[in-house]
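Report on the following structure.
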DNA sequence: CCTTTCTTTCATTTTAGATTGAACTCACCC
DNA sequence: GGGTGAGTTCAATCTAAAATGAAAGAAAGG
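Residue numbers (our numbering), protein chains in the order written: chain A, 1 to 176; chain B, 1 to 176.
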């Protein structure tokens, strides 16, 4: 396989890579995603050139299987891009925050919200079968949860917008 | 032990409880907290009267140990309150969204952000030791992460504010 | 103070779900 | 249209973290 390997890395570059791998690995973990997925994103984020799967596997030290699954998930998030290059695929990270955020929101948060929304509807129908006093209390509590729920649903798109191009909402201008 | 048990529950009330237990259990899980903690909050949320630990244990079907740990975590979040009543402690959920959110932010998010902030500083110092071309690329990428980081840090307090009493930020007035 | 019983603690067990690795698929190249 | 090797799949394995439960702690009641 004749593909240029980037000239041997300096020690400090390796450390740099490992730092980003670990930061993104933990970020993934924090939000309930597999650590290896974050690590894959981390190594791509650190690299100025597209990487092959083999390269990724070698540098983060997890199995090809994990890398393959991770890459696919990240593609679905919109956080990495694949270019097919003859027989190889090579991968690049999209450096913009918004892809990660909105991928996460679309693929993890929204489905869950929809599911619990269903449960809430079922609970609501239970209330009619309760004795009066109980029903009143239950209704009050259920309304609270429902309210949270819809607030969260409204909040998500706003949050994405703010995090994308936010300076005017935030106290200090952090540039773009 | 002479403590009034709430008069036997109707079947629909039990279902109602189980629904809230499961909703909050999954919510906890979604954000990387132990499911049982969410379940504890759920049963308290559903109850118009304060509950003892024994009552909680019985209704959500997990061990006393888990309930004890869960209650303590929720108290630290500020999401439940304890009243000591003679020999017993009894517990009540605070129904406001903001306690859960800000508890989560304070106790899980902020510490993590601080940790990765440390890693970022270390990485920054590595750049000086890199060959010129490499250093330039690395700097660019590191700045991106740092920017995200500070944006998130600025965003969190704002998000809390929005979620607390948000109507004016959100398209529809969802009341208070 | 000594007993009782609620509560915490923490060593052990369990479990959810992430990772592995080998078999398989499929696209490319000759 | 084989043969090669990149990439995927998925049953088996591993592991991090949650749940358990029994023993220790602590505070109220006598």
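Every residue gets a Cβ at the ideal spot worked out from N, C-alpha and C, and that includes glycine. Keep in mind the model is a prediction, meaning the values are calculated, not measured.
* Which class does residue 95 of chain B belong to by DSSP, given the choice of helix, strand or coil? -> To locate residue 95 of chain B, count along the second chain from 1; it is residue 95. Looking at residue 95 of chain B - three-state DSSP - the assignment turns out to be coil, as it is neither helix nor strand.
* What whole-angstrom Cβ distance do residue 142 of chain A and residue 124 of chain A have, given they're in contact under 8 Å? -> Numbered from its first residue, the first chain carries residue 142 of chain A at position 142. Numbered from its first residue, the first chain carries residue 124 of chain A at position 124. Residue 142 of chain A to residue 124 of chain A, Cβ: 6 Å. Contact.
* To do: Take every Cβ of the region 11-31 of chain B, pair it with every Cβ of the region 44-52 of chain B, and state whether three or more of those distances are shorter than 8 Å.
  => yes
* Asked: Between residue 91 of chain B and residue 50 of chain B, is the Cβ-Cβ spacing less than 7 Å?
  -> Position 91 of the second chain, counting from 1, holds the residue named residue 91 of chain B. Position 50 of the second chain, counting from 1, holds the residue named residue 50 of chain B. Cβ distance < 7 Å, so residue 91 of chain B and residue 50 of chain B count as in contact.
* Are there three or more Cβ pairs, one per stretch, closer than 8 Å when the region 150-161 of chain B is compared with the region 89-107 of chain B? -> yes
* Sort B:61, B:96, B:119, B:85 by Cα distance to residue 78 of chain B and report the nearest one. => Within the second chain, residue 78 of chain B is the residue found at index 78, counting from 1. Cα-wise, what sits closest to residue 78 of chain B is B:96.
* Asked: What residues from chain B crowd round residue 107 of chain A, counting only those whose CB sits closer than 8 Å?
  -> Residue mapping note: residue 107 of chain A aligns to position 107 of the first chain, counting from 1. The premise fails here: residue 107 of chain A is roughly 13 Å from chain B at the closest Cβ pair, so nothing lies under 8 Å.
* Determine whether the Cβ of residue 5 of chain A lies closer than 7 Å to any Cβ atom of chain B. => Indexing the first chain from 1 puts residue 5 of chain A at position 5. Any reading at residue 5 of chain A must be qualified, since the residue scores a pLDDT of 48, below 50, and its modelled position is unreliable; no value is offered.
* How many angstroms separate the CA atom of residue 42 of chain A from the CA atom of residue 74 of chain A? -> Within the first chain, the letter at position 42 stands for residue 42 of chain A. Within the first chain, the letter at position 74 stands for residue 74 of chain A. Roughly 11 Å between the two C-alpha positions.
* To do: Go ahead and label residue 63 of chain B buried or exposed: buried means 16 or more other beta carbons lie within 10 angstroms of its beta carbon, across all protein chains shown.
  => The count along the second chain starts at 1 and reaches residue 63 of chain B at position 63. Classification of residue 63 of chain B: exposed, given that the 10 Å Cβ count is below 16.
* Using the Cα positions of residue 11 of chain A and residue 101 of chain A, report the straight-line distance between them to the nearest angstrom. => Reading the first chain from its first residue, position 11 is the one you call residue 11 of chain A. Reading the first chain from its first residue, position 101 is the one you call residue 101 of chain A. Taking the straight line joining both Cα atoms gives about 32 Å.
* Asked: Distance, Cα to Cα, residue 137 of chain B vs residue 130 of chain B?
  -> Counted from its first residue, the second chain places residue 137 of chain B at position 137. Counted from its first residue, the second chain places residue 130 of chain B at position 130. Each residue's Cα considered, the two are about 10 Å apart.
* Asked: What does DSSP give as the partner residues of residue 82 of chain B in its beta bridges?
  -> Here residue 82 of chain B corresponds to residue number 82 of the second chain, with the count starting at 1. Residue 82 of chain B pairs with B:91.
* Is residue 66 of chain A closer than 7 Å to residue 36 of chain A when the C-beta atoms are compared? -> One-based indexing of the first chain puts residue 36 of chain A at position 36. One-based indexing of the first chain puts residue 66 of chain A at position 66. For residue 36 of chain A and residue 66 of chain A, yes; Cβs fall inside 7 Å.
* To do: For residue 89 of chain A, return the contacting residues in chain B, with the cut-off set at a CB-CB distance below 9 Å.
  => As a working mapping, residue 89 of chain A is identified with position 89 in the first chain. By Cβ distance, chain B contributes nothing, its closest Cβ being about 22 Å from residue 89 of chain A, past 9 Å.
* To the nearest angstrom, how far is it from the Cα of residue 59 of chain B to the Cα of residue 68 of chain B? -> As a working note, residue 59 of chain B is residue 59 in the second chain. As a working note, residue 68 of chain B is residue 68 in the second chain. Taking the straight line joining both Cα atoms gives about 14 Å.
* **chain B within 7 Å of residue 119 of chain A, Cβ atoms only** => Position 119 of the first chain, counted from the start, is the residue given in the question as residue 119 of chain A. Closer than 7 Å: yes.
* To do: At 7 Å on the CB atoms, spell out the chain A contacts of residue 79 of chain B, in chain order.
  => Stepping through the second chain from its first residue, residue 79 of chain B is reached at position 79. Neighbours of residue 79 of chain B on chain A: none; closest Cβ ~13 Å, over 7 Å.
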